[in-house]
Amino acid sequence: MSYSNPMDTSQFPPAPYFDPQEMRHALTALLNASGNPAEARPAIVERLKFLVKAARGTARLQLEADGNGRRCAKGLAKFQDELVRLLYDYTVAHVYRATNPSDAERMAVVATGGYGREMLAPGSDIDLLFLLPYKQTPWGESVAEYMLYLLWDLGFKVGHATRTVDQCVKLANEDTTIRTSLLDMWLIHGDAQLYAELEQRFRNEVIRGSERAFIDAKMTERSERHRRAGESRYRVEPNVKDGKGGLRDLHTLHWLSKYLLGHDVGPESVAKGIFTREEAATFRRCEDFLWTVRCYLHFYTGRAEELLSFDIQPVLAHRLGYKDKSGLRGVERFMKHYFLVAKDVGDLTTILCTALEMQQLKSSPVFENIFNPMSWMLRRQIRDKTDFRIDNGRMNIADPGVFERDPANLVRFFAQAENTNTFLHPNAIRQLRHSSRLIDDTLRNDPEANRIFLQLLTGRVNPEATLRRMNEAGVLGRFIPEFGRVVAMMQFNMYHHFTVDEHLIRTVGMLTDIERGGFASEVPLSTELIKTIQNRRVLFVAAFLHDIGKGRIEDHSVVGAQIARTLCPRLGLSAAETDTVVWLIEQHLTMSNVAQSRDISDPKTVRDFADIVQSPERLKLLLLLTVADIRAVGPGVWNGWKGQLLRTLYQETEPLLSGGHTQIPRSTIVQDAQDALRAALSDWPASDVDRFIGRHYPDYWLRTEPKRQIEHARLLRKAEAEGQTLASDHETDAFTAVTELTVFAPNHPRLLSLFAGACAANGANIAGAHITTTRDGFALDTFLLAREFDQDEDELRRAKRIEDTIERLLRGETWVEQLLEKRRPIPTRAEAFTVAPEVYVNNVLSDAYTVIEVAGRDRTGLLYELTNAISDLSLDIGSAHITTFGEKAVDVFYVTDLTSKKIESETRQAVIKQRLTTILEGPPPVGSA
1169 MSYSNPMDTS QFPPAPYFDP QEMRHALTAL LNASGNPAEA RPAIVERLKF
1219 LVKAARGTAR LQLEADGNGR RCAKGLAKFQ DELVRLLYDY TVAHVYRATN
1269 PSDAERMAVV ATGGYGREML APGSDIDLLF LLPYKQTPWG ESVAEYMLYL
1319 LWDLGFKVGH ATRTVDQCVK LANEDTTIRT SLLDMWLIHG DAQLYAELEQ
1369 RFRNEVIRGS ERAFIDAKMT ERSERHRRAG ESRYRVEPNV KDGKGGLRDL
1419 HTLHWLSKYL LGHDVGPESV AKGIFTREEA ATFRRCEDFL WTVRCYLHFY
1469 TGRAEELLSF DIQPVLAHRL GYKDKSGLRG VERFMKHYFL VAKDVGDLTT
1519 ILCTALEMQQ LKSSPVFENI FNPMSWMLRR QIRDKTDFRI DNGRMNIADP
1569 GVFERDPANL VRFFAQAENT NTFLHPNAIR QLRHSSRLID DTLRNDPEAN
1619 RIFLQLLTGR VNPEATLRRM NEAGVLGRFI PEFGRVVAMM QFNMYHHFTV
1669 DEHLIRTVGM LTDIERGGFA SEVPLSTELI KTIQNRRVLF VAAFLHDIGK
1719 GRIEDHSVVG AQIARTLCPR LGLSAAETDT VVWLIEQHLT MSNVAQSRDI
1769 SDPKTVRDFA DIVQSPERLK LLLLLTVADI RAVGPGVWNG WKGQLLRTLY
1819 QETEPLLSGG HTQIPRSTIV QDAQDALRAA LSDWPASDVD RFIGRHYPDY
1869 WLRTEPKRQI EHARLLRKAE AEGQTLASDH ETDAFTAVTE LTVFAPNHPR
1919 LLSLFAGACA ANGANIAGAH ITTTRDGFAL DTFLLAREFD QDEDELRRAK
1969 RIEDTIERLL RGETWVEQLL EKRRPIPTRA EAFTVAPEVY VNNVLSDAYT
2019 VIEVAGRDRT GLLYELTNAI SDLSLDIGSA HITTFGEKAV DVFYVTDLTS
2069 KKIESETRQA VIKQRLTTIL EGPPPVGSA
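In my numbering, the protein residues as written are 1169 to 2097.
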């Protein structure tokens, strides 16, 4: 997992990229040629711009030659030093010379903040302090202002302050941000005595006695930063600077070490016992890697970009030398390396925080049992009966030989921590990492160790948190080697928000939350069913293993099932339990695919699904696994529409598996839904509700969630009151990043195509669609649109524009082609991906329809092109099922010919395939993105 380093230049010191003395002479010559500073200024700026451009170019070439981001960052910082010195000398020698040098006409130019750490990325801000004596004069302010304007003209973003020593000390005591910025200050140029005074007073009057408060403030700041950037360090588009496990976390460790010891993480922090020598080396290795990525990122984008987005990841992977290997693409290997580094950064942060707490420098976390009068009994019981002990509310080991004497303690330790609701002691964390070599086949086949692990995995306390602890300590991946293969593994697509290991752990957590009733309003059926399953441990094991086969050449469901076939008996599952786990892993995508991509009102769809499931118990387990899996993919992936489809599929299948005997027959489900609507609209005249109910076929009540039924009823009632045959409504949700647009209009063959065209003409990407036809010849369609704007007001205005466009199209006032010609192509995130086009024409899935399934890279306008082509092919769309998995669109159309017959001719099927494949492969039409 190493990036390329074809040229060893580490023995050469970072260079400033120009001869400072020669440049001073050049600027003086330009001044002499112009006669005065004002007239010389344009020539001075142009000469310096050339210098900056040349320096950046040299730095980039060096980075591409040696792959050493630290050397690049230090070189850019040294160049910046020489440039600031050059500007200062020019300013005080030729522009604002001190005519009567006095004690007041002194200045020290000081690097602070990130610049003060003597490392700069290509797009980093330049943080400067113009330090003045107690008595300020116009000379000092003029020099600072002139230098700043030159730096701005050269394109630098400068964070600056002009202050006296007294002001610096006062503000540092009042503001932690200023204090942190000054912590890394150093003198670039100017009055050394003035700088020494600030340095001494900062150490004596600001730092001394404030160590604990500073540490607490930095930890609080870190938590808030992680909350804003996304808690998990395994988000697949990480922020290199501010994300969890990024450079800012290393900066935090640096600040704490420097505040306490006066030195960066290194020999001093090792000598003080805060870090071990290995941990200090890990810090340096992680910092080297992250600086390399950040410098490449800034150079490639040409700006201070910190987000490692999908479109950039393949470029950086290629430039850093990552190749396709062992079923993983180069970009996935690069990102796995990134997440392993982020994991190491997280481990270092955890160790430092707990070490500081042990030294009473940081406020301890509050535990539920800290004031429990029985807690002393618990500590005594742990001490007397186990190889562990509780120190200051943290689970610790009794002695360094605990794991050596009994390797099963490597698993047992986490069970004790969970049972006692305690955090982990830094000494124990270090010993766990040091003892990972003890996890071998002997331990993996130890019945007691496997019993404890299965108990943890299927426990009712907090298995998600315990599994994550084991994973971060490096124990889980060694105890279950197949899990170790997917640790920090990302899938290069827009659908999955987390790495594979994080997704698996989250899936287990989702099951626990469902079992506790935490999502009862969102998944009511799952909340009830999980109480009735016969064997919950097969469900939890399947959740933990369902994606464990990813990263291989073969289908991950097949590989995962093979792994489970071997692993489950090792964990202590019976042959029957193993068979169930294997089946769940093999079929873990089936229920979701059928619910979202098939017409579940078609009896054959349900019969075919029932043939796969075969038993009511397996149906329950598969529903629960499917719900937990989707919810664990990431924020906004689950929605009420998916929940309703899964509930309907379950309720339609369950009678077939129960021999036709069920407590909830289909007619009762429909009647219950209608009764619930009547109750929700109890303030309406009964005739209005009955009229709305009478307009819909039974499948409407099976496929439409109650909330949307109410919205539909109100929309149609309003249209009826106003005498309108065309009506629409919209709403948006920033959390799910989806805007829902519902349209009610007279049905005709090209209506879906017109709707899709209106969305495309307004740049809206359709992420899903819910298509309904009423008994009286109307269409009631809801489109889920990918959100474009941050503000709700902007997003709702776009939805209104789409509604207006639909009305104009239906009235014949314009045509889709005209609207698309006016649009300019807009790049989308999906363009970073390649999705092989697939078109299937199937006459087996339905008794009455030919099913056309297409899959390809999503783009704005794709649904319009597909539906328009289907209409051109003289096909009638009976139902459409539109789903998007990140960058991949999967659209399924149930069609007949114009005589309501299936498409039996192989020649015609081939024409359909060719036409739709051409659309998926070819460039989008004018105006489409």
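Every residue gets a Cβ at the ideal spot worked out from N, C-alpha and C, and that includes glycine.
Keeping to the same chain, check which residues put their C-beta closer than 8 Å to that of Trp1354; ignore five residues upstream and five downstream. For this step, residue 1354 is matched to residue 186 along the sequence shown. The answer, listed in chain order, is Val1278, Ala1279, Gly1284, Glu1286.
Using only CA atoms, which one of His1193, His1422, Asp1334 lies nearest to Gly1282? Position 114 of the sequence shown, counting from 1, holds the residue named residue 1282. If we check each option's Cα against that of Gly1282, His1422 comes out closest.
What would DSSP say about Trp1354, mapped onto helix, strand or coil? Position 186 of the sequence shown holds residue 1354. Three-state DSSP puts Trp1354 in a strand.
In the structure shown, what three-state DSSP assignment does Lys1493 receive? Reading the sequence shown from its first residue, position 325 is the one you call residue 1493. Lys1493: strand per DSSP, three-state reduction.
Under the three-state reduction of DSSP, which class applies to Thr2018: helix, strand or coil? The sequence position of residue 2018 within the sequence shown is 850, counting from 1. The answer is strand: DSSP assigns Thr2018 an E or B state.
Can you tell which of Thr1344, Val1691, Glu1405 has the C-alpha that lies nearest to the C-alpha of Asp1384? Against the sequence shown, residue 1384 aligns to sequence position 216. Per the Cα distances, Thr1344.
Just how far apart, CA to CA, sit Val2058 and Asp1352? As a position in the sequence shown, residue 2058 is number 890, starting the count at 1. As a position in the sequence shown, residue 1352 is number 184, starting the count at 1. About 53 Å.
Using C-beta distances below 7 Å, list every residue in its chain close to Ser1921, excluding the 5 sequence neighbours before and after it, in chain order. In the sequence shown, residue 1921 corresponds to position 753, counting from 1. Same-chain partners within the cutoff: Tyr2032, Thr2035, Asn2036, Ser2039.
On the three-state DSSP scale, how would you describe Pro1914? Residue 1914 sits at position 746 when you count from the first residue of the sequence shown. Here Pro1914 sits in strand by DSSP.
Are Leu1952 and Gly2024 closer than 8 Å when you measure CB to CB? Residue 1952 sits at position 784 when you count from the first residue of the sequence shown. Residue 2024 sits at position 856 when you count from the first residue of the sequence shown. No, Cβ-Cβ distance for Leu1952 and Gly2024 is not below 8 Å.
Outcome for Ser1694 when other beta-carbon atoms lying within 10 angstroms are tallied against a minimum of 16: As a position in the sequence shown, residue 1694 is number 526, starting the count at 1. Buried, since its Cβ has 16 or more Cβ neighbours within 10 Å.
With distances taken from CA atoms, which of Leu1870, Ser1826, Leu1825, Tyr1818 is nearest Arg1842? Position 674 of the sequence shown holds residue 1842. It is worth fixing the name first, because residue 1842 is Gln in this sequence and not Arg. Checked all of Leu1870, Ser1826, Leu1825, Tyr1818; the closest Cα to Gln1842 is Leu1870.
So, using beta-carbon positions, are Ile1442 and Ala1381 closer together than 8 Å? Residue mapping note: residue 1442 aligns to position 274 of the sequence shown, counting from 1. Residue mapping note: residue 1381 aligns to position 213 of the sequence shown, counting from 1. Not in contact: Ile1442 and Ala1381 (Cβ atoms no closer than 8 Å).
Residues in its own chain within less than 7 Å of Leu1644 by CB, not counting five upstream and five downstream? Counting from 1 along the sequence shown, the entry for residue 1644 is found at position 476. Counting only Cβ-Cβ distances below 7 Å, and skipping sequence neighbours, we find Leu1635, Met1638, Phe1651.
Straight-line CA distance for Pro1833 to Leu1791? As a working note, residue 1833 is residue 665 in the sequence shown. As a working note, residue 1791 is residue 623 in the sequence shown. Approximately 19 Å between the Cα atoms of the pair.
Give me, in chain order, the residues of the same chain whose beta-carbon lies closer than 7 Å to that of Leu1883; leave out the 5 immediate sequence neighbours on both sides. Mapped onto the sequence shown, residue 1883 falls at position 715. Cβ neighbours of Leu1883 beyond the five flanking positions: Ala1895, Asp1897, Thr1910, Phe1912.
Alpha-carbon spacing of Leu1611 relative to Leu1578, whole angstroms: Numbered from its first residue, the sequence shown carries residue 1611 at position 443. Numbered from its first residue, the sequence shown carries residue 1578 at position 410. Approximately 9 Å, taken between the alpha carbons.
Which first and last residues belong to the beta strand (DSSP E) in which Ile1375 is found? Translated into positions along the sequence shown, residue 1375 becomes position 207. Counting along the chain, Ile1375 falls outside any beta strand (DSSP E), and DSSP gives it neither H nor E.
Could you have a look at Tyr1302 and say whether DSSP puts it in helix, strand or coil? Taking the sequence shown and counting its residues from 1, one reaches residue 1302 at position 134. Tyr1302: coil per DSSP, three-state reduction.
I'd like to check one pair, Ala1266 with Trp1307: are the Cβ atoms closer than 8 Å? As a position in the sequence shown, residue 1307 is number 139, starting the count at 1. As a position in the sequence shown, residue 1266 is number 98, starting the count at 1. Yes, these two residues count as a Cβ contact at 8 Å.
For Glu1899, collect the residues of the same chain with a Cβ closer than 6 Å to its Cβ; drop the 5 residues on either side in sequence, then sort them by chain order. What you label residue 1899 is simply residue 731 of the sequence shown in a count that begins at 1. Closer than 6 Å at the Cβ level, and outside the excluded window around Glu1899, lie Glu1908.
For Phe1647, tell me which candidate among Leu1624, Arg1733, Asn1618 has the shortest Cα-Cα distance. Along the sequence shown, read from residue 1 onward, the residue named residue 1647 stands at position 479. Nearest option by C-alpha distance: Asn1618.
Report the rounded CA-to-CA distance for His1916 versus Gly2046, giving the unit in angstroms. Position 748 of the sequence shown, counted from the start, is the residue given in the question as residue 1916. Position 878 of the sequence shown, counted from the start, is the residue given in the question as residue 2046. Going from the Cα of His1916 to the Cα of Gly2046 covers about 11 Å.
Closer than 8 Å is the cut-off here; do at least three beta carbon pairs connect the region 1619-1635 with the region 1708-1724? yes
What does the Cβ neighbour count give for Ile1698, buried or exposed, with the cut at 16 atoms within 10 Å? As a working mapping, residue 1698 is identified with position 530 in the sequence shown. By the 10 Å Cβ count, Ile1698 comes out buried.
For the beta strand (DSSP E) that contains Ile1721, what are its first and last residues? Taking the sequence shown and counting its residues from 1, one reaches residue 1721 at position 553. Premise fails: Ile1721 is in no beta strand (DSSP E) and is neither H nor E.
Applying the 10 Å Cβ sphere with the 16-neighbour rule, what's the burial state of Gly1323? Taking the sequence shown and counting its residues from 1, the one referred to as residue 1323 is at position 155. Gly1323 comes out exposed.
Within a Cβ cutoff of 7 Å, which residues of the same chain sit near Asp1515, ignoring the five residues on either side of it in sequence? Indexing the sequence shown from 1 puts residue 1515 at position 347. Excluding residues within five positions, the ones whose Cβ falls inside 7 Å are Glu1640.
Could you check whether Arg1390 and Asp1417 sit closer than 8 Å to each other, using their CB atoms as the reference points? In the sequence shown, the residue the question calls residue 1417 occupies position 249. In the sequence shown, the residue the question calls residue 1390 occupies position 222. In this structure, Arg1390 lies closer than 8 Å to Asp1417 by Cβ.
Going by alpha carbons, who is nearest to Arg1562 out of Ala2078, Asn1595, Met1315, Leu1288? Stepping through the sequence shown from its first residue, residue 1562 is reached at position 394. For Arg1562, the nearest C-alpha among the options comes from Asn1595.
Proximity below 8 Å, CB of Thr2028 to CB of Gly1931: Your numbering for residue 2028 matches position 860 in the sequence shown. Your numbering for residue 1931 matches position 763 in the sequence shown. Yes, Cβ-Cβ distance for Thr2028 and Gly1931 is below 8 Å.
Outcome for Ile1565 when other beta-carbon atoms lying within 10 angstroms are tallied against a minimum of 16: The residue given as residue 1565 occupies position 397 in the sequence shown. Buried, by the Cβ-count rule.
Going by beta carbon distance, what residues of the same chain come within less than 6 Å of Ala1688, once the five residues before and after it are set aside? Numbered from its first residue, the sequence shown carries residue 1688 at position 520. Once the five neighbours on either side are set aside, the close Cβ partners of Ala1688 are Thr1695.
With DSSP as the reference, label Thr1517 as helix, strand or coil. Start at 1 with the first residue of the sequence shown, and residue 1517 comes out as number 349. Here Thr1517 sits in helix by DSSP.
List, from N- to C-terminal side, the alpha helix (DSSP H) runs of 4 residues or more that fit wholly inside the region 1799-1865. 1808-1825, 1834-1848, 1854-1862
Could you give the distance in angstroms between the alpha-carbon of Thr1469 and the alpha-carbon of Gly1719? Mapped onto the sequence shown, residue 1469 falls at position 301. Mapped onto the sequence shown, residue 1719 falls at position 551. Each residue's alpha carbon lies about 29 Å from the other.
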